[in-house]
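Engineer: Here it is, the structure, as structure tokens.
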Amino acid sequence: MTPVRVLLADDHTLVRRGVRLILDGEDDLMVVAEAGDGAEAVELARAREVDLAVLDIAMPRMTGLQAARELSRRLPGLRILILTMYDNEQYFFEALKAGASGYVLKSVADRDLVAACRSAVRDEPFVYPGAERALVRSYLDRLHRGDALPARAVTEREEEILKLVAEGHTSKEIGELLFISTKTVERHRANLLAKLGMRDRLELTRYAIRAGLIEP
0 MTPVRVLLAD DHTLVRRGVR LILDGEDDLM VVAEAGDGAE AVELARAREV DLAVLDIAMP
60 RMTGLQAARE LSRRLPGLRI LILTMYDNEQ YFFEALKAGA SGYVLKSVAD RDLVAACRSA
120 VRDEPFVYPG AERALVRSYL DRLHRGDALP ARAVTEREEE ILKLVAEGHT SKEIGELLFI
180 STKTVERHRA NLLAKLGMRD RLELTRYAIR AGLIEP
């Protein structure tokens, strides 16, 4: 049987090395490409023959969730897993909305990742053990109350700009990265400040850390 071709994206080399050892130790899985951030992951997935993308949630330039959204749009046949240190219900639902098949905690990757990869390839969802009951209970509680899932505080484009601002990029640099004008970047930045009730880059950076867009 031909092994599943895996793209692995994480900005920490040691993490990538450890995850690769886990996956390459299986006969039916083979890491064929590695990326250090979400943008590179998107580029590699489009350039290489890949069946499954395993994406860290917090990476420079483009997060795993942002990359998952982009890959789902461009390569709808590609299976996606989110690998994260965050045991967070909101991230889990955002991962599903972004097109991911599953959500795996780094702390138990040695136990769960291989099973998650195989589930994703079978087009089956994977939820890390221990979270299933809590997630289903929370979802059912919301349905019974008539509540919707939590709305996104910012748009996808605003999230992209927020992340890059928090990483210290200038408006000109952000415009070049996103292929938009500096004026458009400034307008989005002003909208972010107004929408989030913040005053400056420092407060935006703190918000980005809390939202998991960048690491502290």
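Residue 5 in numbering that gives the first Met the number 0 is what sits at position 6 of the sequence shown, and the numbering runs on without skipping anything.
Where a beta carbon is used, it is the ideal one built from N, C-alpha and C, also for glycine.
Which stretch, first to last residue, makes up the beta strand (DSSP E) that contains Ile79?
Structural biologist: Annotation for Ile79: the continuous beta strand (DSSP E) segment containing it runs 78-83.
Engineer: Quick one: Cα of Arg186 to Cα of Gly174, how far?
Structural biologist: 12 Å
Engineer: Give me whichever residues DSSP pairs with Met29 in a beta bridge.
Structural biologist: Arg4
Engineer: If you drop the 5 nearest sequence neighbours on each side, which residues of the same chain put their C-beta closer than 7 Å to that of Thr62?
Structural biologist: Apart from sequence neighbours up to five positions away, the residues of its chain that approach Thr62 with a beta-carbon distance below 7 Å are Gly37, Ile56, Lys162, Leu212, ordered along the chain.
Engineer: Using the C-alpha atoms, what's the distance from Asp27 back to Glu155?
Structural biologist: 35 Å
Engineer: Checking 8 Å against the spacing of the C-beta atoms, do Leu6 and Ala52 come in under that value?
Structural biologist: yes
Engineer: Does the beta-carbon of Arg68 have 16 or more other beta-carbons within 10 angstroms, so that it is buried, or is it exposed?
Structural biologist: The residue in question, Arg68, is buried, as its Cβ has 16 or more Cβ neighbours within 10 Å.
Engineer: With DSSP collapsed to three states, give me the class of Gly101.
Structural biologist: Correct three-state label for Gly101: strand.
Engineer: Let me make sure I understand the geometry here. Which of Val3, Ile81, Ala8, Ser71 has the alpha-carbon closest to that of Gly98?
Structural biologist: Ser71
Engineer: Does the Cβ-Cβ distance between Ala94 and Ala66 come in under 8 Å?
Structural biologist: no
Engineer: Do Ala108 and Phe125 have their CB atoms nearer than 8 Å?
Structural biologist: no
Engineer: Out of His168, Ala193, Phe92, point me to the one whose CA is closest to Thr181's CA.
Structural biologist: His168
Engineer: Does the beta-carbon of Arg78 have 16 or more other beta-carbons within 10 angstroms, so that it is buried, or is it exposed?
Structural biologist: buried
Engineer: Give the DSSP bridge partners of Asp55, in chain order.
Structural biologist: Leu82
Engineer: Go ahead and label Ala32 buried or exposed: buried means 16 or more other beta carbons lie within 10 angstroms of its beta carbon, across all protein chains shown.
Structural biologist: buried
Engineer: Is it right to say Asp9 is buried, meaning 16 or more other beta carbons lie within 10 angstroms of its own, or is it exposed?
Structural biologist: buried
Engineer: Determine which residues share a DSSP beta bridge with Ala34 and list them.
Structural biologist: Ala8
Engineer: Just to check my reading of the structure: Ile160 and Leu195 have Cβ atoms closer than 8 Å, yes? What is that Cβ distance to the nearest angstrom?
Structural biologist: That belief does not hold up - the Cβ atoms of Ile160 and Leu195 are roughly 12 Å apart, past 8 Å.
Engineer: To which residues of the same chain is Tyr85 closer than 7 Å at the C-beta, ignoring the five residues directly before and after it?
Structural biologist: Ile56, Gly211
Engineer: From what residue to what residue does the alpha helix (DSSP H) around Ser170 run?
Structural biologist: 170-177
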